[in-house]
Each structure stands twice: as C-alpha cells, then as structure tokens.
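Under the numbering used here, think of the first position of the sequence shown as 63, with each following residue one higher.
As structure tokens, the structure follows; a few thoughts come after it.
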Amino acid sequence: MSLTLWAGRVDVVSGDITRLDVDAIVNAANHSLMGGGGVDGAIYRAAGPALKRACRALRETHWPDGLPDGEVALTEGFELPARYVIHTVGPVYAKTRDKSHLLANCYRNAVALAAETGCRRIAFPAISTGVYGYPFDDAAHIVIDTLHDALAIHDLRVTLCFFSERDYQAFAEIAMRRGVAD
Ligand code: AR6
Numbered sequence: 063m064s065l066t067l068w069a070g071r072v073d074v075v076s077g078d079i080t081r082l083d084v085d086a087i088v089n090a091a092n093h094s095l096m097g098g099g100g101v102d103g104a105i106y107r108a109a110g111p112a113l114k115r116a117c118r119a120l121r122e123t124h125w126p127d128g129l130p131d132g133e134v135a136l137t138e139g140f141e142l143p144a145r146y147v148i149h150t151v152g153p154v155y156a157k158t159r160d161k162s163h164l165l166a167n168c169y170r171n172a173v174a175l176a177a178e179t180g181c182r183r184i185a186f187p188a189i190s191t192g193v194y195g196y197p198f199d200d201a202a203h204i205v206i207d208t209l210h211d212a213l214a215i216h217d218l219r220v221t222l223c224f225f226s227e228r229d230y231q232a233f234a235e236i237a238m239r240r241g242v243a244d
C-alpha cells in the first residue's frame, strides 16, 4: 500500500524503516545518542555495533551535553541499506513547552542536512509519537506543514514510514482531508 503527496515528492508507506533503501533514514533518538527502544533500538540493531561507536564519537566531539531537541546529527548507516542515519531528538510531549516548533525543527533540520550531504531520498519515522507521547494527528499536521515548506527549498524525495497500518491509515486520512495527497 502506498500513497504520495505533492506530485510524488513524498511517499507514504507502512513498514520497517531499517529496510528502506534510501540515502538517509532519520532516527527518533534521545539526547544521549546511545540507543533506546522503539525505532531507535531497531536502527541500532540493524546498523550493527559500529553505529554505537560512531554515536559515542559524535557525543565526544560535537555534543558533550547530548543532542538537544530538534537538532540533527549525521552518521554512516553501516550495515543498513541506507547510506546515512540522521539522528534527531523529538520533544517529549508532556514535558516540553515549545513542542510544535521543536517537532518541526526535527523535520526541517533533517531535510536540510540530507540535502547538504547530497542525499536525494530521505525517510522519516513518526518522530515523538511513540514513547514521547505526541498525539499522532497533531504531529501529522506539523509534518505536512513543515515538509511543504522544506521541499520548496530543497530538491529531495521524502518517504514517511509508519510502522503500523493504523498510523498509515490515520496519516492518509489527514493528507486527503487537507488536499495534499495526489
Ligand atoms: N520502523 C519505523 N517506525 C518504527 C519502527 C521501525 N522499525 N519501530 C518503531 N517505529 P518511538 P519517540 C515507530 O517510541 O516517540 C526511544 O527509546 C513507532 O511505532 O520509537 O520519538 C528513543 O531512544 C512510533 O510510531 O520514538 C527515545 O528515548 C514511532 O516509530 C524515545 O524512544 C516513534 O516511536 C523516542 O520516542
């Protein structure tokens, strides 16, 4: 099953992001960059132990206090089909004041970093909507608005990868209601 937005600039799919053969996949990480559960854990497992070493090195050289909300950091993809992983930290819904802005920053900064790195295709999971508790529909509107603006600047193709069929359907309904689906 697949849906596209904006004349094919965005593909919406359901499945496991670690399997996608794109230039970069985005990781919904945490400040530590040392791995966790959810999509972060899946990416660490699929990329192999070199990813953890790369993240530890990044922490030491660039982010000694951890990666802040909305910021992005680049590593290789190691054993993943994707060449790169772009790590970002979404806001924890219940604890963050400026959460919509910070969630938008994750998408905006990841698209910009992917474009700077020469990527043509980037895939996102549904950042912050798992353990971090962001209501799915609110996040979906932010994703649509932010990608609309970011893709006007950067020539990239984006895949939105929803792990569950239910999330895929929920996103598809919102995209259709907003008139952004092809
Ligand atoms: N492929 C695509 N999406 C996935 C996959 C996968 N393999 N596995 C899970 N998801 P979450 P967050 C979906 O909790 O809310 C971690 O422990 C999942 O169904 O992974 O940003 C980090 O270390 C959900 O829709 O990320 C942080 O501590 C979405 O990915 C914290 O969780 C995001 O859920 C980050 O929480």
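For each residue, glycine too, the CB sits at the ideal point set by N, CA and C.
Of the heavy atoms belonging to the ligand AR6, none sits nearer than 7 Å to the Cβ of residue 234. Between residue 93 and residue 151 a beta carbon distance of about 6 Å is seen, short of the 8 Å cut, so the two are scored as contacting. Secondary structure note for residue 239: its alpha helix (DSSP H) is the uninterrupted segment 227-239. Taking a contact as a CB-CB distance under 8 Å, the pair residue 106 and residue 113 counts as one, their CB atoms being some 6 Å apart.
Per DSSP, residue 181 is not a residue of any beta strand (DSSP E), being assigned neither H nor E.
Taken through DSSP and simplified to helix, strand or coil, residue 145 comes out as coil. Sequence-distant Cβ neighbours of residue 204 in its own chain, meaning closer than 8 Å and more than five residues away, are 162, 165, 166, 169. Looking only at 136, 212, 73, 103, the smallest Cα-Cα distance to residue 86 is reached by 136. Under the three-state reduction of DSSP output, residue 170 falls in the helix class. If you look at residue 67, you'll find it in the beta strand (DSSP E) that goes 64-67. Assignment of beta-bridge partners to residue 87 by DSSP yields 147, 185. One thing to note: residue 237 has its Cβ no nearer than 8 Å to the Cβ of residue 198. Residue 138 is bridged by DSSP to 146.
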